[in-house]
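Just below is one structure, and these are the notes that go with it.
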Amino acid sequence: MLGGTFDPVHLGHLRSAVELREVLALDRVHMIPAHVPPLREAPGVCSAERLTMLEAGIGDAPGLVADGRELQRDGPSYSTDTLVTLRRDYGEQTRLVMAVGHDAFLRLSEWHAPERLFELAHVAVIDRPGHDAPLPAALESLITGREAQDAEALFARPAGGVLRIRLPSRMDISATDLRERLAEGRSIRYLLPEAVEAYIQSRNLYR
Ligand code: ATP
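In the numbering used here, the protein residues as written are 29 to 235.
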């Protein structure tokens, strides 16, 4: 699972998903837009449009799934609730991984029921350019004893571990920067898939 606001989806998300799948030999990566992101302001673009952009961005990429399951629930889109549904779909013994960028990982102890996350999945932390702040104490204690050195050690169990991953192509792209560029009428070309850019332009989003 790679959850996010995807406001809009960009190549940092998509290359991370492709490379995570390769590096961890995952069957598939469910990219799941948050309907109501719990820890940030409501996005300017509704979840249905963010999902549409995600579908356009993924296109026919093997193993990547634009998964709209959080749009089916009202209230804050807690990842624990989403992982419960993935666990139900895949069964108790399947190895599930929740991937987050380092910036998102830094706030993990503030998430809803963080201990429960580790009962449901492993956490893979993706190194992200410009985000190298040290871990807060609450997060250090949350992950004590959970860190795995490699994917093989992580996957000895269905859930409960933490693995830091430095993916081959680290991309310094953020949705915040894309939104700013669009608001200022600057180019976003080659920072996200052309199909997503075309959708944004056709709907005049982020102006
Ligand atoms: P914003 O700038 O609006 O906060 P974002 O670019 O960080 O958006 P999100 O949708 O919030 O994108 O991110 C979803 C997940 O993808 C998070 O775990 C985030 O850390 C990760 N992520 C986002 N961009 C990158 C990137 N360039 N490289 C690696 N991981 C990323």
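We put the CB at the ideal spot given by N, CA and C, even for glycine.
Between Leu-111 and Leu-145 a beta carbon distance of about 7 Å is seen, short of the 8 Å cut, so the two are scored as contacting. Leu-67 is classed as exposed because its beta carbon has fewer than 16 other beta carbons within 10 Å across all chains shown. Residues of the same chain with a CB within less than 8 Å of the CB of Leu-134, apart from the 5 flanking positions on each side, are His-159, Ala-161, Leu-163, Pro-164, Leu-167 in chain order. Per the DSSP secondary-structure output, Met-126 pairs in a beta bridge with Val-151. Contact check between the region 200-215 and the region 174-181: fewer than three CB pairs, one atom from each, fall below 8 Å, which does not count as touching. Remark: the shortest separation between the CB of Ala-203 and any heavy atom of the ligand ATP falls under 8 Å. When secondary structure is reduced to three states using DSSP, Arg-135 falls in the coil class, being assigned neither helix nor strand. Between Glu-143 and the set Ser-107, Ile-154, Glu-120, the nearest pair of CA atoms involves Ser-107. Within 10 angstroms of the beta-carbon of Glu-98 lie 16 or more other beta-carbons, which makes it buried. Residue environment: Gly-85 is assigned as buried (16 or more neighbouring CB atoms within 10 Å of its CB, all protein chains considered).
DSSP, read as helix, strand or coil, puts Ala-94 in strand. Under the 8 Å Cβ criterion, the region 58-75 counts as touching the region 29-42, having at least three qualifying pairs. Annotated as proximal: Leu-42 and Ala-89, with beta-carbon spacing under 9 Å.
Note that the C-beta distance between Glu-147 and Ala-187 is below 9 Å. The closest CA to that of Arg-101, considering only His-63, Ser-169, Glu-138, is found on His-63.
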